[in-house]
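Heads up: the sequence lines are chains G and A, in that order.
Take 1 as the starting number for the first sequence in our numbering and just add one per residue.
Take 319 as the starting number for the second sequence in our numbering and just add one per residue.
Structure record follows, encoded as structure tokens.
Number of protein chains: 2
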Amino acid sequence: MWYSTITKELNELESRILNVIHSENSELDEMCKYVITAGGKRFRPAVCILSYLACGGQDVRRAIDLGAAYEIVHSASLIHDDINDKSEIRRGRRTLHKEYTVSKAIVAGDYMMARGFQLLGVTSKEIVDIIVEAASRMSESEFIQKDLEHIQNVTEDDYYRIVRGKTSKLIEACAKSGAYLACASNEELDAIGNFSRGIGMAHQIIDDTLDIIGNFHNTGKNVGLDILEGKPTLPIIVAMNDSHYGSSVAEIFTKDNPTEVDVKNALDIIKKTSAVKICRKKASEEVENAIKSIGSIKDSPYKESLILLARYVASRDR
Amino acid sequence: MWYSTITKELNELESRILNVIHSENSELDEMCKYVITAGGKRFRPAVCILSYLACGGQDVRRAIDLGAAYEIVHSASLIHDDINDKSEIRRGRRTLHKEYTVSKAIVAGDYMMARGFQLLGVTSKEIVDIIVEAASRMSESEFIQKDLEHIQNVTEDDYYRIVRGKTSKLIEACAKSGAYLACASNEELDAIGNFSRGIGMAHQIIDDTLDIIGNFHNTGKNVGLDILEGKPTLPIIVAMNDSHYGSSVAEIFTKDNPTEVDVKNALDIIKKTSAVKICRKKASEEVENAIKSIGSIKDSPYKESLILLARYVASRDR
């Protein structure tokens, strides 16, 4: 498994995260734990820790702290995303604002964001810059995406632009700051940067594909949310360009308030196109290019784990 | 005027803030500017810059950067507060989520928070700790306050505990980190800490008093919001303890959904009690004690400005 080289580190990460988010207020504490223990895949900290070790880092506790910070900031951003997207289920459980209230969830997100930044602040100006740049780009991409909701003539290039800001940038930040902490050379930093942008892109493409073909049992969330919200994802864009079914998909996608029946119909039609196949292929290509880009990094079990992680990202069904 | 010693610095602060919050996304940029240019009093950065100068700091640009970070973080927190409080008006203008949308306002708040932390990250671990501790305490206090909404037996001690976390802590952070940046002695840090906690408390007491007796022209917001939201402020708590009118105030305050007529009645009744007078007196006492606590700081025009600022806080009517 991709994580077998860092099992111990990932365990330590869990206690570090719980330790950092602890609040004296019992309800706030409970809410943070609710989010953190929902069982995320810990992708981002894993990328951070593995990049650190693959670049020769010697004091892994520093990378664990950094990884914890990323997981906390990422989880905080999901709390606010779920409010914005009106999502009711994540990882098989009610989203935080549904389990508590929107007000409390906004505050809890702010609290976790502050705790995450606190952990980052102990590193270096360069690392703070890397993550804040990523956090700012995430916000900007939310705006770009909102402007393209329910729009028919959105292009694949629009999608890639959104994903670079929304997803890739933070995964790149995890990897690059891990490498930076390990005193990686500029060549290594570039290699790790290219690698992580690629897996960030693949990760999002697969996420968006699972919104079409996934099921609740595997993904822990409802499918078809992107159709419902009018979010222009790659499988939807590809399907809208299908010569036979494209116009039927577009007709539903451009509705401001599609019904549940609309969503189900759209999913059925998209599955008749080659959109899912094209997306899976695209994700694999991204990952294989990503793997090529770390050719210059010295061979090690950690580099091998990064490669396994990358291939897992492109092939996962949950 | 309290700000006459730092007029130039406050001007530089404005351009620094605009520079930091700038976003490539034009709508996000516009939203941040909307919030920042609404004409806040720049209390927090002023406290930071004056504390720095009063403690002998020589490179004021560093204090300006720090002050800008505080104003940005504070403004970001107001965006989310306004969503949570369903406030429609602030500083005479529609609140951000009313002018745009709740979703966009949540994202804009996150963006500004990240930019604020970025500016802080260049300082030192100690300063990051000071502000993040304050930001975390702000979140925790929101929870404590929510649990005491519309509750009759809330005490003045509950109020002070909430305000210490909600308001005082951030103003203390502004002052202490300014002093810290100026390499202040521990004695000076303690003095500045006590001083700023006092003016933070006075500032909130007056804010809450203006929610009873203010008017839109002066405060730029509607009055009676705390009654409407059931927030236990000092004037309300004092009025609920009035031997003659207390029960009438409590009857309205404990309603889960008071009407506009209820709110108007409550304001009229509270004005018949000595609550406002008691609150003003309490704010003055806090400020005079605060001023005493900086006796050990070397005399300077900046210390004089801090004292003027403190007295202004306790006497302001807007």
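Built from N, CA and C at the ideal position, the CB exists for glycine as well.
Spatially closest choice to residue i from the options, by CA coordinates
| i | options | result |
| --- | --- | --- |
| Glu251 (chain G) | G:Glu260, G:Ala266, G:Val261 and G:Ser243 | G:Ala266 |
| Asp529 (chain A) | A:Thr419, A:Leu546, A:Gly518 and A:Leu627 | A:Leu546 |
| Leu148 (chain G) | G:Ser305, G:Ile21 and G:Ile236 | G:Ile236 |
| Glu140 (chain G) | A:Lys443, A:Ile424, A:Gly511 and A:Lys484 | A:Ile424 |
| Asn222 (chain G) | G:Ile199, G:Arg62, G:Gly198 and G:Glu260 | G:Glu260 |
| Thr537 (chain A) | A:Val556, A:Val420 and A:Asp525 | A:Asp525 |
| His521 (chain A) | A:Leu627, A:Gln436 and A:Glu406 | A:Leu627 |
| Glu327 (chain A) | A:Ala364, A:Gly357, A:Lys351 and A:Ala608 | A:Ala364 |
| Thr325 (chain A) | A:Val378, A:Glu348 and A:Lys351 | A:Val378 |
| Glu417 (chain A) | A:Ile469, A:Tyr352, A:Ser602 and A:Thr551 | A:Tyr352 |
| Asn257 (chain G) | G:Lys281, G:Gly109 and G:Asp226 | G:Asp226 |
| Ile397 (chain A) | A:Pro619, A:Ser333 and A:Thr413 | A:Thr413 |
| Arg318 (chain G) | G:Ile36, G:His217, G:Val263 and G:Lys281 | G:His217 |
| Lys166 (chain G) | G:Lys146, G:Thr155 and G:Phe253 | G:Lys146 |
| Leu53 (chain G) | G:Ser247, G:Gly39, G:Pro301 and G:Arg311 | G:Pro301 |
| Val581 (chain A) | A:Lys549, A:Ser602, A:Glu604 and A:Val605 | A:Lys549 |
| Ile205 (chain G) | G:Leu170, G:Arg164, G:Ala182 and G:Cys183 | G:Arg164 |
| Ser633 (chain A) | A:Asp617, A:Thr527 and A:Ser322 | A:Thr527 |
| Ile171 (chain G) | G:Lys272, G:Met31 and G:Ile131 | G:Ile131 |
| Gln376 (chain A) | A:Cys501, A:Arg629, A:Lys595 and A:Val631 | A:Cys501 |
Interface residues of chain A facing residue i [CB-CB closer than 9 angstroms]
| i | result |
| --- | --- |
| Ile337 (chain G) | Lying before the first or after the last residue shown, residue 337 (chain G) is absent from chain G, which here runs from 1 to 318. |
| Val287 (chain G) | Within chain A, no residue comes near Val287 (chain G); the closest Cβ sits about 29 angstroms away, beyond 9 angstroms. |
| Ile130 (chain G) | Simply none; closest approach about 10 angstroms. |
Where residue i sits in the DSSP three-state scheme
| i | result |
| --- | --- |
| Ile615 (chain A) | coil |
| Arg90 (chain G) | strand |
| Gln376 (chain A) | coil |
| Arg115 (chain G) | helix |
| Arg311 (chain G) | helix |
| Glu30 (chain G) | helix |
| Ser561 (chain A) | coil |
| Glu606 (chain A) | helix |
| Ala182 (chain G) | coil |
| Tyr3 (chain G) | coil |
| Glu260 (chain G) | helix |
| Val154 (chain G) | coil |
| Gly200 (chain G) | helix |
| Glu14 (chain G) | helix |
| Ala356 (chain A) | coil |
| Thr537 (chain A) | helix |
| Ser442 (chain A) | coil |
| Lys342 (chain G) | No statement about residue 342 (chain G) is possible, as the shown extent of chain G runs from 1 to 318 and does not include it. |
| Leu306 (chain G) | helix |
| Ser274 (chain G) | coil |
| Asp526 (chain A) | helix |
| Asp167 (chain G) | Reading off the sequence shown, one finds Thr at residue 167 (chain G), where the question assumed Asp. Looking at Thr167 (chain G) - three-state DSSP - the assignment turns out to be helix. |
| Gly542 (chain A) | coil |
| Leu148 (chain G) | coil |
| Gly214 (chain G) | coil |
| Tyr52 (chain G) | helix |
| Glu24 (chain G) | coil |
| Arg318 (chain G) | coil |
| His403 (chain A) | For clarity, residue 403 (chain A) is Asp in the given sequence; the question names His instead. If DSSP states are grouped into helix, strand and coil, Asp403 (chain A) belongs with coil. |
Chain A contact residues for residue i, given Cβ-Cβ distances below 7 angstroms
| i | result |
| --- | --- |
| Ile36 (chain G) | Here the premise fails: no neighbours, minimum Cβ distance about 16 angstroms. |
| Asn215 (chain G) | Residues of chain A passing the Cβ test: none, with the nearest at roughly 28 angstroms. |
Residues that residue i contacts on chain G, provided the C-beta gap is smaller than 8 angstroms
| i | result |
| --- | --- |
| Glu458 (chain A) | Ser23, Glu24, Asn25, Leu28 and Tyr111 |
Residues that residue i contacts on chain G, provided the C-beta gap is smaller than 7 angstroms
| i | result |
| --- | --- |
| Val481 (chain A) | Within 7 angstroms Cβ-Cβ: nothing; Val481 (chain A) doesn't reach chain G, min ~16 angstroms. |
| Val453 (chain A) | According to the sequence provided, residue 453 (chain A) is Ala. The question's Val does not apply to it. Simply Ala114. |
Partner residues on chain A for residue i, Cβ-Cβ distance less than 8 angstroms
| i | result |
| --- | --- |
| Val107 (chain G) | His398, Asn402, Ser457, Glu460 and Phe461 |
Residue-chain proximity (residue i, chain C), Cβ-Cβ < 7 angstroms
| i | result |
| --- | --- |
| Ser103 (chain G) | You won't find chain C in this structure, because its protein chains are G and A. |
Can you give me, in chain order, the residues of the region 514–527 of chain A that have a beta carbon less than 8 angstroms from any beta carbon in chain G?
-> none
Members of the region 322–344 of chain A that neighbour chain G once the beta carbon cut-off is set at 8 angstroms = Ser341, Glu342 and Asn343
Touching or not, the region 64–81 of chain G and the region 118–135 of chain G, by the rule of three or more beta carbon pairs under 8 angstroms?
-> yes
For the 8 angstroms Cβ check, are there 3 or more pairs between the region 508–527 of chain A and the region 486–498 of chain A?
-> yes
Does the region 548–568 of chain A touch the region 503–512 of chain A, meaning 3 or more C-beta pairs lie closer than 8 angstroms?
-> no
Touch check for the region 398–407 of chain A and the region 366–383 of chain A: three-plus C-beta pairs under 8 angstroms?
-> no
Stretch-stretch touch, CB-based, cutoff 8 angstroms, three pairs: the region 113–122 of chain G with the region 427–442 of chain A = yes
Note down, in chain order, all residues in the region 385–416 of chain A with a beta-carbon under 8 angstroms from any beta-carbon belonging to chain G.
-> Ser395, His398, Ile401 and Asn402
Contact residues within the region 221–239 of chain G, judged by C-beta distance below 8 angstroms to chain A | none
If contact means a Cβ-Cβ distance below 8 angstroms, which residues of the region 113–127 of chain G contact chain A?
-> Met113, Ala114, Arg115, Phe117, Gln118, Leu120, Gly121, Val122 and Lys125
Given 8 angstroms, three or more beta-carbon pairs between the region 289–296 of chain G and the region 343–357 of chain A = no
Members of the region 464–493 of chain A that neighbour chain G once the beta carbon cut-off is set at 9 angstroms = Lys464 and Asp465
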